[in-house]
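Participant: Every number in the numbering used here is 1003 more than the matching position in the sequence shown, counting from 1.
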Amino acid sequence: MKRILTALAITSTLVAGGCTKETANNQTATPSATTVAEANHHEGHNMDGGKTSGTEHNSHGNHSTNSKLESANAIAKLTVATKITPKTPVDLVIDIQDKAGKTIDNFDQFQEQLMHLIIVSNNLEYFHHIHPTYKGKGRFEVETDFPQPGGYTLFSDYKVAGKAEQVSILNTQVSGASANSTAKIDLATTKTFGNTQANLKLSQPTIKAGENVHLIFNLLDTASNQPPKDLQNYLGERGHLVILKQSSPLTEADYIHAHAMKDTPEGEIHFMTSFPKPGKYKMWGQFNRNGKIITADFWIDVQ
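#1: For alanine 1261, which three-state DSSP category applies?
#2: Quick check: the Cα distance between isoleucine 1099 and lysine 1187, rounded to an integer number of angstroms?
#3: Could you say which of Leu1072, Lys1071, Lys1248 and Val1083 lies nearest to glutamate 1128 if we only look at CA atoms?
#4: Checking 9 angstroms against the spacing of the C-beta atoms, do glutamate 1115 and leucine 1238 come in under that value?
#5: How big is the Cα-Cα spacing for glutamine 1289 and leucine 1244?
#6: Could you give the residue range of the beta strand (DSSP E) that holds aspartate 1300?
#7: Decide if alanine 1261 is buried, meaning its Cβ has at least 16 other Cβ atoms within 10 Å, or exposed.
#8: Is the beta carbon of glutamate 1255 sitting closer than 9 angstroms to the one on valine 1170?
#9: CB-CB under 8 angstroms to arginine 1292, same chain, minus the five flanking residues each way: which ones, in chain order?
#10: Does glutamate 1255 come out as helix, strand or coil in the three-state DSSP assignment?
#11: Assuming valine 1216 and threonine 1276 make a contact with CB atoms under 8 angstroms, what is their CB distance in whole Å?
#12: In three-state terms, what does DSSP make of serine 1184?
#13: Whole angstroms is fine: what's the gap from tyrosine 1137's alpha carbon to aspartate 1108's?
#14: Taking buried to mean at least 16 other C-beta atoms within 10 Å of its own C-beta, is isoleucine 1296 buried or exposed?
#15: How many angstroms separate the CA atom of cysteine 1022 from the CA atom of alanine 1103?
#16: Leaving out five residues on either side along the sequence, give the residues of the same chain with a beta carbon under 8 angstroms from the beta carbon of threonine 1147.
#17: With a 10 Å radius around its C-beta and 16 neighbouring C-beta atoms as the bar for buried, classify glutamate 1319 as buried or exposed.
#18: Can you have a look at asparagine 1156 and say buried or exposed, based on whether 16 or more other CB atoms are within 10 angstroms of its CB?
#19: Whole-angstrom Cβ separation of asparagine 1202 and threonine 1193, contact assumed at under 8 angstroms?
#20: Given this structure, state the Cα-to-Cα distance separating alanine 1106 from threonine 1185, to the nearest angstrom.
#21: Could you work out which residue in Asp1257, Gly1141 and Gly1242 is closest to glycine 1294 when comparing CA atoms only?
#22: CA-CA distance, leucine 1222 and tryptophan 1287?
#23: Can you tell me where the beta strand (DSSP E) with glutamate 1269 in it begins and where it stops?
#24: Indicate the three-state DSSP secondary structure (helix, strand or coil) for glutamine 1114 in the structure shown.
#25: Does glutamine 1169 come out as helix, strand or coil in the three-state DSSP assignment?
#26: Taking only the alpha-carbon atoms, compute the straight-line gap between aspartate 1101 and asparagine 1228 and give it to the nearest angstrom.
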C-alpha cells in the first residue's frame, strides 16, 4: 500500500474518501444551561489512506483525499453547565448549524463515528479522545469530566453529509485555581505506558518546519520485551496520532491529526506528517491492545 500523507491544518476542512456514509435523525436532547465556547471551522485537509477525520490529517492543513468536496462552513456551539468543577461528570452539548443559524441534520460517518471530540488542557498535560452521540437536529451530546481547574480546548471533528470534513474549535473553563499553567516538556523518546513500552523514532535527527517527517512508534510488551501480539485496529486504523503546537491560545493552526500507514512491521505504527512552524509540539499516539486503548505521549522540538 502506498504511503499517503495525512496532515491537518485545522484552518481547513477534510475530505472523506472511502468513508461509510451515514445520515442520522433522532430526537433533540435537552441542552445544558450556558454557551461557553466559540467555534471556528477549517478547510482543506490532506488525509491518508482514503479515510478522513475532520481533525485528521497527516501534514498540517492538508489531508490526502480522493476527492475535493466543498466546505460546509458550519458553525458549532458548545453548551455546558454554568460552572464546571473538577472530577465531576458534566454533559457537553454541541449544536451544528449553518451560517444562517439553521440546524444541520445529516452527517457522514468517518473513522467509524459521526463525531470525534479531542479535549486537551491548555497546558497540554491532559488529553481525551471521545465520541459524542448524535441526538438529531444537529445536536451531539456526551458526558465527561475534567481532572483539574483551568482552561480546556475542544477540537470537534465532524463531516456534514456530502461536504468536506471540518474541525470546530471550542473552549471552556473549569472552576478553581490552576495548579500549573505551564506545560512540562520532556523530550525523552522512550516511555512506558502500563504494559507497553513505546520508542519514538524519527526519520531525521533534526526536524525542520515544512519538511515531511516519518514518525515511527515502536511498541514492545514490557513482560516479554517483544512486539505485542494483541494489537488491533483502533477506529478502523492501526493507530491515530494527534499533535499540538505549544501555543496560547490553542488554535486550529496548532493542530495536526495523522493517520497510521498500513502494512508496517509487527509492533511498529508509522505516520507521515509535517510541522508548519518551528516550536515545541506534543503528540499523542493511540493504539489498541486487545480492546484497551494505549495513549503514548511525546514531545518534539521543531526547528
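All residues carry an ideal CB built from backbone N, CA and C; glycine is no exception.
Since the model is a prediction, treat every value here as computed from it, not as a measurement.
Facilitator: Per the coordinate set shown:
#1: Judged by DSSP in its simplified three-state form, alanine 1261 adopts strand.
#2: Rounded to the nearest angstrom, the gap between the Cα atoms of isoleucine 1099 and lysine 1187 is 35 angstroms.
#3: Closest option to glutamate 1128, Cα to Cα, is Lys1248.
#4: In this structure, leucine 1238 lies closer than 9 angstroms to glutamate 1115 by Cβ.
#5: One Cα belongs to glutamine 1289, the other to leucine 1244, and the distance between them is close to 6 angstroms.
#6: Residues 1295–1305.
#7: Alanine 1261 is buried by the Cβ-count criterion.
#8: It is a contact, given that the beta carbons lie within the stated cut-off.
#9: Excluding sequence neighbours, arginine 1292 sits near Asn1198, Thr1199, Pro1231, Asp1233, Leu1234 and Gln1235.
#10: If DSSP states are grouped into helix, strand and coil, glutamate 1255 belongs with the helices.
#11: Confirmed, about 6 angstroms.
#12: In the three-state reduction of the DSSP assignment, serine 1184 falls in the coil class, being assigned neither a helical nor a strand state.
#13: Taking the CA atoms as reference points, tyrosine 1137 sits about 10 angstroms from aspartate 1108.
#14: It counts as exposed.
#15: Residue placement at cysteine 1022 cannot be trusted, given a pLDDT of 33 that sits under 50; what the coordinates show is reported in the next sentence. Cysteine 1022 and alanine 1103: Cα-Cα distance of roughly 28 angstroms.
#16: Excluding positions up to five away in sequence, the list reads Pro1092, Val1093, Leu1095, Ile1122, His1131 and Ile1133.
#17: There is no way to answer for residue 1319, as the model of the chain reaches only from 1004 to 1306.
#18: For clarity, residue 1156 is threonine in the given sequence; the question names asparagine instead. By the 10 Å Cβ count, threonine 1156 comes out buried.
#19: About 5 angstroms separates the CB atoms of asparagine 1202 and threonine 1193; that is less than 8 angstroms, so the two are in contact.
#20: In the sequence on display, residue 1106 carries threonine and not alanine. Approximately 38 angstroms between the Cα atoms of the pair.
#21: Out of Asp1257, Gly1141 and Gly1242, Gly1242 has the C-alpha closest to the C-alpha of glycine 1294.
#22: Straight-line Cα distance between these residues: approximately 14 angstroms.
#23: Segment: none, glutamate 1269 is in no beta strand (DSSP E) and carries neither H nor E.
#24: Coil at glutamine 1114, not helix or strand.
#25: For glutamine 1169, the three-state secondary structure derived from DSSP is strand.
#26: Each residue's alpha carbon lies about 52 angstroms from the other.
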